[in-house]
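Chains as they are written, first to last, in my numbering: chain A, 1 to 81; chain B, 1001 to 1426. For reference, the structure is listed below as structure tokens.
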Amino acid sequence: MALSDDELKAAIIEKAKKAPKPQLYIKDFYKCDPDTKPRAIKNMANLLVREGELMFWSSGSTTMYARPDRIKNEEGDEGVN
Amino acid sequence: MAKHDTPLLDELESGPWPSFVSDIKRQAEKNPDCWDILGQLELSYKEKITHWKHGGIVGVFGYGGGIVGRYSDLPKMFPGVEHFHTVRVNQPASKYYSTENLRGICDLWEKHGSGMTNMHGSTGDMVLLGCRTEALEPFFWDLTHGMGQDLGGSGSNLRTPANCLGQSRCEWSCYDTEETCHHLTMHYQDEIHRPAFPYKFKFKFSGCPNDCVAAIARSDVAVIGTWRDDIRIDQAAVKEYVAGNFASNGGSHADGDWGAFDIQKEVIDLCPTECMWMEGGELKIDNAECTRCMHCINVLPRALRPGAQQGASICVGAKAPILDGAQFATLIVPFMEISADNEFENLIDFIETIWDWWMEVGKNRERVGETMQRVGLPTFIKVMGIEPIPQHVREPRSNPYVFWQDEEVPGGFERDVQEFRKKHAA
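Below, the structure is given as structure tokens:
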């Protein structure tokens, strides 16, 4: 059975906090709930960006997700919160 | 007054062709930061290594695309390009815009950025080169609120859709490419502005098989206008071409001395499927053999036109990377009606079936054409719910084995794999 929205949010945040690398592909979050469709997980990850729990990190050709406090800004700050 | 010596770059101004070096120097007279572009590039030419770092966390609030972060790795030496982010602006359909709009965009970019532009990027966007992070939000406000325009796609987003001139200028267009492109752009705003996929995804719309946006070469879903009845022939106009009274190719090559027009040599003998011939002074076409190469229609535009039953062929899986093997799209649906009457429902259903599958099966940084190649066309068309047809066959098969699924055989068959593996290890 698919996770509820709140459970899915918590699972995505947990994954983003504990993953070895700070930047994650959207596919990395699919494993948070195999019963939820990939597009629903994408929508939830993007909602978490709007809520400030995650942020986008773009290489230019690929976009990844990260916890704001785990990512180093190119402009020199450790974490951007 | 030049800030850096650039002897290597100066060589690029010595030829008879337009030079980007001259362009940047001209812009540097207005915006001195641009001298540092030339200084850094000169150093890269000397050291044979780039000094750009790209990517990062730059963007505007609520968007996950449209801006590509770019930084110099020598900011103390070249402070003017310490931040040099690229902004992609969604171009209007068919790239129709007024000079007033272009001036507005350029003024905006001189206010917030370097003033340098690239018209257009490969995907079609208006590309604005070089601004600092703190200028992004003010620029975005002015662009959206002052100009009524929006950012395009980048990263793992749906990239900015692009289309040819379509029925606005071209009598060959077999569907309304502008309406289709506009509708899908609006329908998929979330996918354009926020990352949605394992990697980039593009669709492009060409009105006829001339494919003026090169959809078949570059887009994950290429929607290319076609017809399913016969090429329409005006035999009286054919006679005028043969008599030399009408200029072939619409007069496009009239400045050369090509001699008298020869329909046999210039049209019939060049038909790739040899499906044309002259009979009793009339041009005949075996339409079942026509592969829509458009050559005859291009050469004889007053005599030949696409058929009247019009729609589009859908090809899937093109990519055009610089380093790693370009690939044309593969024909999946030979004919689909493309109509605003049902809000392009069949095309949208087709696209979303691909997305649902690719998002699950595609690997990170794998274009849908690569996923198709990995799983094979038979698997892909099964996923799409499409029956195999002769048009799917690229070449005679070289694998002698035929594999059947139980549902494909009358009565089916049952096989206990575990029992089989007891005697035959994998």
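Even glycine gets a Cβ: it sits at the ideal position worked out from N, Cα and C.
CB contact below 8 Å: residue i versus chain B
| i | result |
| --- | --- |
| Lys9 of chain A | no |
| Pro20 of chain A | no |
| Ile12 of chain A | no |
| Lys17 of chain A | no |
| Ser61 of chain A | yes |
Residue i: first and last residue of the uninterrupted alpha helix (DSSP H) it sits in
| i | result |
| --- | --- |
| His1054 of chain B | Element bounds for His1054 of chain B: not the alpha helix (DSSP H) but the beta strand (DSSP E), 1052-1054. |
| Gly1369 of chain B | 1368-1375 |
| Ser1173 of chain B | Unbroken run through Ser1173 of chain B: none, as it is neither H nor E. |
| Cys1106 of chain B | 1099-1112 |
| Arg1026 of chain B | 1020-1030 |
| Arg1365 of chain B | Segment: none, Arg1365 of chain B is in no alpha helix (DSSP H) and carries neither H nor E. |
| Ile26 of chain A | 26-30 |
| Asn1298 of chain B | 1295-1299 |
| Arg1218 of chain B | 1215-1218 |
Opening and closing residue of the beta strand (DSSP E) in which residue i lies
| i | result |
| --- | --- |
| Pro1441 of chain B | As displayed, chain B neither begins before 1001 nor continues past 1426, which places residue 1441 of chain B out of reach and without an answer. |
| Met1186 of chain B | Where Met1186 of chain B is concerned, there is no enclosing beta strand (DSSP E), although the alpha helix (DSSP H) it sits in stretches over 1177-1187. |
| Thr1006 of chain B | Run containing Thr1006 of chain B: none; DSSP gives neither H nor E here. |
| Arg50 of chain A | Segment 38-50 is the alpha helix (DSSP H) holding Arg50 of chain A; no beta strand (DSSP E) there. |
| Ala1222 of chain B | 1221-1227 |
| Ile1285 of chain B | 1282-1285 |
| Gln1310 of chain B | 1310-1316 |
| Phe1205 of chain B | 1203-1206 |
| Phe56 of chain A | 55-58 |
| Ser1044 of chain B | No beta strand (DSSP E) contains Ser1044 of chain B, which is instead part of the alpha helix (DSSP H) from 1034-1047. |
| Tyr1063 of chain B | Where Tyr1063 of chain B is concerned, there is no enclosing beta strand (DSSP E), given that its DSSP letter is neither H nor E. |
With 16 other Cβ atoms within 10 Å as the buried cut-off, status of residue i
| i | result |
| --- | --- |
| Lys31 of chain A | exposed |
| Ile71 of chain A | buried |
| Tyr1188 of chain B | buried |
| Ile1354 of chain B | buried |
| Trp1227 of chain B | buried |
| Lys1076 of chain B | exposed |
| Gly1064 of chain B | buried |
| Gln998 of chain B | Nothing about residue 998 of chain B can be reported from this structure: the residues present for chain B run from 1001 to 1426 only. |
| His1253 of chain B | exposed |
| Glu1191 of chain B | buried |
| Phe1205 of chain B | buried |
| Pro34 of chain A | exposed |
| Met1429 of chain B | As displayed, chain B neither begins before 1001 nor continues past 1426, which places residue 1429 of chain B out of reach and without an answer. |
| Gly1317 of chain B | buried |
Cutoff 8 Å: residue i Cβ touching any chain A Cβ
| i | result |
| --- | --- |
| Asp1033 of chain B | no |
| Pro1466 of chain B | Residue 1466 of chain B lies beyond the range of chain B shown here (1001 to 1426); nothing can be said about it. |
| Asp1220 of chain B | no |
| Arg1194 of chain B | yes |
| Glu1370 of chain B | no |
| His1054 of chain B | yes |
| Arg1365 of chain B | yes |
Problem - Contact residues within the stretch 44-58 of chain A, judged by C-beta distance below 9 Å to chain B - result: Ala45, Asn46, Val49, Arg50, Met55, Phe56, Trp57, Ser58
Problem - Contact residues within the stretch 24-39 of chain A, judged by C-beta distance below 9 Å to chain B - result: Tyr25, Ile26, Lys27, Asp28, Tyr30, Lys37, Pro38, Arg39
Problem - Cβ pair count under 8 Å reaching 3, the stretch 1228-1247 of chain B against the stretch 1278-1290 of chain B - result: Using a Cβ-Cβ distance cut-off of 8 Å, the stretch 1228-1247 of chain B and the stretch 1278-1290 of chain B are in contact, since at least three pairs of beta carbons, one from each stretch, lie closer than that value.
Practice task
Taking only beta carbons into account, state which residues of the stretch 1058-1087 of chain B come closer than 7 Å to chain A, listed in chain order.
Solution key: Within the stretch 1058-1087 of chain B, the residues whose Cβ lies closer than 7 Å to some Cβ of chain A are Gly1059, Gly1062, Gly1064, Gly1065, Val1068, Gly1069, Tyr1071, listed in chain order.
Practice task
Taking 8 Å as the threshold, find out whether the stretch 1168-1181 of chain B comes into contact with the stretch 1082-1098 of chain B through three or more Cβ pairs.
Solution key: yes
Practice task
Note down, in chain order, all residues in the stretch 1133-1163 of chain B with a beta-carbon under 8 Å from any beta-carbon belonging to chain A.
Solution key: Those residues of the stretch 1133-1163 of chain B that come within reach of chain A (Cβ to Cβ, closer than 8 Å) are Thr1133, Ser1154, Gly1155, Ser1156, Asn1157.
Problem - Sufficient close CB pairs (3 or more, under 8 Å) joining the stretch 1283-1290 of chain B to the stretch 1243-1261 of chain B - result: no
Practice task
Count the CB pairs spanning the stretch 1001-1010 of chain B and the stretch 1098-1110 of chain B that are closer than 8 Å, and state whether there are at least three.
Solution key: No: the two stretches stay apart, fewer than three of their Cβ pairs being nearer than 8 Å.
Handout entry: the stretch 1332-1360 of chain B: positions lying closer than 8 Å to chain A by Cβ
Key = Trp1355, Asp1356, Met1359, Glu1360
Problem - At least 3 beta-carbon pairs within less than 8 Å: the stretch 1124-1144 of chain B vs the stretch 19-35 of chain A - result: Short answer: they don't touch.
Practice task
Could you say if the stretch 1219-1234 of chain B and the stretch 1137-1145 of chain B meet the contact criterion of at least three C-beta pairs nearer than 8 Å?
Solution key: no
Exercise for the section: Could you tell me whether the stretch 1260-1273 of chain B touches the stretch 1285-1304 of chain B, where touching means 3 or more Cβ pairs closer than 8 Å? Expected result: Verdict: yes, contact present.
Problem - Three-pair Cβ contact test at 8 Å for the stretch 1073-1090 of chain B versus the stretch 1039-1046 of chain B - result: yes
Handout entry: Contact between the stretch 1007-1020 of chain B and the stretch 60-71 of chain A (3+ Cβ pairs under 8 Å)
Key = no
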